[in-house]
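In full-length UniProt numbering, the protein residues as written are 1 to 319. Input: a single structure, listed below in structure tokens.
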């Protein structure tokens with residue numbers, strides 16, 4: 001794959017913020033002294049009068065964002081996922097979501113793929129933390145194009161949102177998909193199939209597409225791939241259709257299997273067990289902390305590779 005087809009979601013986010021800044025004077029950005037990591041540096045250079053560096057004080061940063069939102073601003077607050085969703089959880093819950101303010105909480109460097117930064121920075125609990133807060137919308141884009149569209153969609157949505165972004169460049173998986181569209185709360189089916197469904201989010205969507213290709217070439221299986229970019233509100237219709245029409249589901253996420261995408265899918269199916277009683281295998285982190293290493297080494301160690309997804313589909317079909 002050429003470099004032209006590989007880009008980090010955080011870089012795409014930074015560029016999208018600049019586009020928004022040009023179109024809308026109400027967009028303001030607050031950062032916790034990580035501008036060249038969160039990529040808010042693009043916005044800061046172009047719109048310094050609408051950019052605020054709160055320093056290494058994430059809880060205060062979220063409070064600043066909440067205050068700005070009460071004046072009618074559309075606010076993006078930014079830090080590593082470990083800090084924006086973890087350290088500032090109290091302020092996200094009580095200062096943003098409880099009064100339902102128009103603040104977009106952005107967490108970059110999420111998941112194990114932050115790599116060498118190790119367990120203290122490998123946030124694998126943020127989806128769970130954010131989706132259990134009332135009024136919060138949770139979005140996990142799979143590639144640069146989806147990150148751009150998600151950023152724009154969030155700006156047009158009046159209320160709290162959490163956007164989860166990665167550190168590493170990821171392949172473009174939506175660019176070649178006919179009729180691809182992005183709507184908050186509406187999953188994107190990137191590949192149709194009848195023998196099983198892989199429901200994935202974030203960087204695991206690309207691996208799910210690779211896994212589907214492997215299963216087709218080696219097993220003759222026609223596997224559906226659903227890009228569940230919005231974890232909350234989740235697209236129940238897409239999940240139920242996958243269960244009814246393909247008979248087996250595998251979920252894939254760069255997150256703890258407790259409380260994340262897989263858990264959310266299981267919650268949906270548990271509401272209609274008589275109609276959708278199908279095997280479900282979850283691919284994710286098995287409730288352990290990560291270790292320092294390259295992104296690919298970490299994903300391999302904790303079972304987040306194409307091969308692991310392939311094996312999970314085979315197992316789901318055998319149950």
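Positions of the beta carbon are idealized from the N, C-alpha and C atoms, including for glycine.
Cβ-Cβ distances below 6 Å link residue 168 to 113, 295 in the same chain, with the five nearest sequence neighbours on each side left out; the list follows chain order. Per DSSP, reduced to three states, the secondary structure at residue 270 is helical.
A Cβ-Cβ distance of about 23 Å is found for the pair residue 261 and residue 152, leaving them out of contact under the 8 Å criterion. Per the C-alpha coordinates, the member of 103, 60, 101, 119 positioned closest to residue 109 is 119.
Residue 31 and residue 139 have their C-alpha atoms some 19 Å from each other. When C-alpha distances from residue 271 are compared across 237, 98, 299, the shortest belongs to 237. Contact annotation: residue 117 and residue 9 have beta-carbon atoms that are not nearer than 8 Å. Between residue 51 and residue 66, the alpha-carbon positions lie close to 15 Å from each other. By the Cβ rule, the region 146-165 does not count as touching the region 274-287, because fewer than three pairs are nearer than 8 Å. From the listed residues 170, 54, 131, the smallest Cα separation to residue 5 is found for 170. For residue 59, DSSP assigns no beta-bridge partner whatsoever. Of the candidates 47, 24, 11, 25, 11 places its Cα closest to the Cα of residue 106. Inclusion of residue 63 and residue 85 in the CB contact set at 8 Å is not warranted, their separation being larger than that value.
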